[in-house]
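These notes are about the structure you will find just below.
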Amino acid sequence: MKKLLPVLFPILILFILSCENKSADQNELTFKEKKDVVITGRIFPFEEGKTSLKFAVDRIGAEQEAMVTDIDEQGYFELSFKTAIPTDFWVSYNSNFSLVAFPGDSLNIRWDGTKSGRPAILETVKVYSKHSDINVGVINYQKEYFSSKNYSTLFHENEEAYKKLNSKEYRLFVDSLHRENLTQLKKVFPKTDESDPALNWAKLRILETYFHNLAFYPMKHANAKGIKMREVELDDDFYSFWDSLPKINQNNMSSAHAISGMSNKYLFNRVGQSVFKEIDKLKKTKDSTKLNDEIFSKLYVEEITDNAPDEFWKQVLLSEFLHSKLDAFQFTVYENNQKQIDDNLQLTFLKEPVNTKYKKLKNESENPVNFSRLNEFEEDDVIASISKKFKNKTVYIDIWATWCGPCRSEFKYSNELKDQLKNEEVVFVYVCAESDKEAWKTATKHFNLDGEHYFLENDQLRVLKEKYEVSGYPTYMIIKNNGELMRNVQFRPSNEKTVEFLKQISNTDLI
């Protein structure tokens, strides 16, 4: 036995090392901690009067994070954000483009702000950082793609194809676009290096576009034909494209925008289809009025944890679903599925944001807003009641729902708009519809929405839809100081023209 030890010892060492490497592979995507990404740069020349720059950071398994920074008189800017994983982000000035950042990065970005259109802007973009070579590839791919016929096809021929083609024909059409995109990719990356992060970033962008087109076909085709989505005839294998979700690793993880796009559509397309099939079965054995959101959410969580393509996608999908519910202030979904979450959500960069958001919302719900202007009208016609209450004043009405993402994304700009109009006679009114009342109260505190707030009951909602033709959210209305109602205006809080328009009409003499 002693004679075997010299042989066994190196084998044992190799076994231990292989176990350590396997463990490292399994935790490859966890990353130790969030680190700052510092972005500086200069837009020169830049447009006179246009002194703000928008950024948007894609967060895997969560909503995109929007940021705005000022540009000084010489065109310089600076901002930072934290990330535990490589990610892409959008820079928006006249048009937008994507770049990639890694935890701890410091990037300096420069471009000509007088150019318009992505190809022209991208020709002038220079990025200086530790990972400049990756961003050179990312920029070159975007220049090629946004200059191509395929890009214009996506927005023109594709819309016609949605309307005219059946599911089999449309699949063939999109397959041809996808092949052309892959051929185009070879122009930018003639050497197929599977470890090239820029190449892998571009591949995922192309794949996400392919999935996006197919995922939206049933809805787009139904809208064009004036039928319900369930009435659209689909080939038996139409959704089989979801079987080819890519494996995510260290080399392609920086394409957070593509990963988020795929997970979002998979969640509400593939998972949603399975959940609604289960709901149809339950309707045959259970009172449909008892099929509440708690049951829906439980089915979603079970479908994700039982049938996700792999471990990574399971956690991303679960995170995305939980964020969607927490963002709608439905935090009981987290509580009702606590064990499933603890057992399945392990990646730190996904788990920590979910837990943090839940704790914050829970605290806000236990300490609800104490605005003195949380109002309820007895009258069914809430708009008429608002007009009467604020006679001779300009009223800006925001009709929203707690579960509406675009509604929530506008609230930041709403508060900025209020600050810009603090010296004007403008009343801000928020009308919440088709939402849970407790979620409404929590949301008003969460977004610090100081203003007049109204929660619609069923009869009031019916009048709003029938008399004022409100068909979706957010919807904005303006009541001028002479009582004239402007319905469904395009003046969102984020629209730069809104503040000037409200100033103009609030200073108009009453007639």
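So that you can map any letter, position 272 of the sequence shown is 272 in the UniProt record's numbering, and since no number is skipped, the others follow by simple counting.
Quick reminder that beta carbons are idealized off the backbone N, C-alpha and C, glycines included.
Small disclaimer: the values here were computed from a predicted structure and weren't measured.
Coil, strand or helix - residue i by DSSP
i: serine 95; result: strand
i: cysteine 404; result: coil
i: methionine 253; result: coil
i: phenylalanine 46; result: coil
i: asparagine 108; result: strand
i: serine 80; result: strand
i: aspartate 243; result: helix
i: threonine 69; result: strand
i: phenylalanine 102; result: coil
i: glycine 41; result: strand
i: serine 52; result: strand
i: aspartate 280; result: helix
i: arginine 230; result: helix
i: phenylalanine 173; result: helix
i: threonine 444; result: helix
i: valine 125; result: coil
i: lysine 362; result: helix
i: lysine 35; result: strand
i: isoleucine 397; result: strand
Integer-rounded CB distance, given that residue j should sit under 8 Å from residue i
i: serine 52; j: isoleucine 39; result: The pair is not a contact, with the Cβ atoms about 15 Å apart (cut-off 8 Å).
i: leucine 350; j: phenylalanine 329; result: Contact flag wrong, Cβ pair sits at about 20 Å.
i: leucine 204; j: asparagine 166; result: Their Cβ separation, rounded to whole angstroms, is 29 Å, which puts leucine 204 and asparagine 166 out of contact at 8 Å.
i: valine 395; j: glutamine 340; result: Valine 395 to glutamine 340, Cβ: 46 Å. No contact.
i: leucine 214; j: valine 174; result: 6 Å
Same chain only: Cβ atoms within 6 Å of residue i, ignoring 5 sequence neighbours per side
i: leucine 199; result: Phe189
i: phenylalanine 81; result: Val37 and Val57
i: proline 493; result: Glu410, Tyr413, Ser414 and Leu417
i: serine 297; result: Val333
i: alanine 439; result: Phe329 and Thr402
i: aspartate 343; result: none
i: serine 372; result: The pLDDT assigned to serine 372 is 43, lower than 50, so where the model puts this residue is not dependable, and the model offers no usable value.
Spatial distance of residue i from residue j (CA atoms)
i: asparagine 482; j: valine 470; result: 23 Å
i: glutamate 434; j: arginine 462; result: 11 Å
i: lysine 284; j: glutamate 278; result: 10 Å
i: threonine 183; j: tyrosine 145; result: 11 Å
i: threonine 69; j: lysine 54; result: 7 Å
i: threonine 114; j: leucine 326; result: 41 Å
i: aspartate 88; j: isoleucine 259; result: 11 Å
i: lysine 228; j: glutamate 48; result: 49 Å
i: cysteine 407; j: valine 382; result: 19 Å
i: phenylalanine 241; j: glutamate 303; result: 18 Å
i: tyrosine 93; j: leucine 185; result: 26 Å
i: phenylalanine 331; j: asparagine 264; result: 19 Å
i: lysine 130; j: glutamine 346; result: 30 Å
i: lysine 357; j: serine 176; result: 42 Å
i: leucine 299; j: valine 429; result: 37 Å
i: threonine 348; j: lysine 34; result: 10 Å
i: phenylalanine 501; j: asparagine 507; result: 10 Å
i: lysine 50; j: glutamate 78; result: 16 Å
Contact set for residue i: own chain, Cβ-Cβ below 8 Å, skip 5 residues either direction
i: isoleucine 139; result: Phe97, Leu99, Leu122, Val125 and Val127
i: lysine 503; result: Leu421 and Glu424
i: proline 45; result: Gly75, Asp112, Gly113 and Thr114
Sequence-distant residues of the same chain with beta carbon closer than 7 Å to residue i, five excluded per side
i: leucine 267; result: Leu317, Glu320 and Phe321
i: threonine 153; result: Leu177
Those runs of the beta strand (DSSP E) which lie wholly inside the stretch 447 to 484 and span at least 3 residues: As far as the stretch 447 to 484 is concerned, its whole beta strand (DSSP E) runs of at least 3 residues are 452 to 455 and 475 to 479.
Ranges of the alpha helix (DSSP H) found wholly within the stretch 293 to 343, counting only runs of at least 4: The stretch 293 to 343 contains these whole alpha helix (DSSP H) runs: 293 to 307, 311 to 327 and 332 to 336.
Length at least 4, wholly inside the stretch 166 to 216: the alpha helix (DSSP H) runs in chain order: Correct list: 167 to 188.
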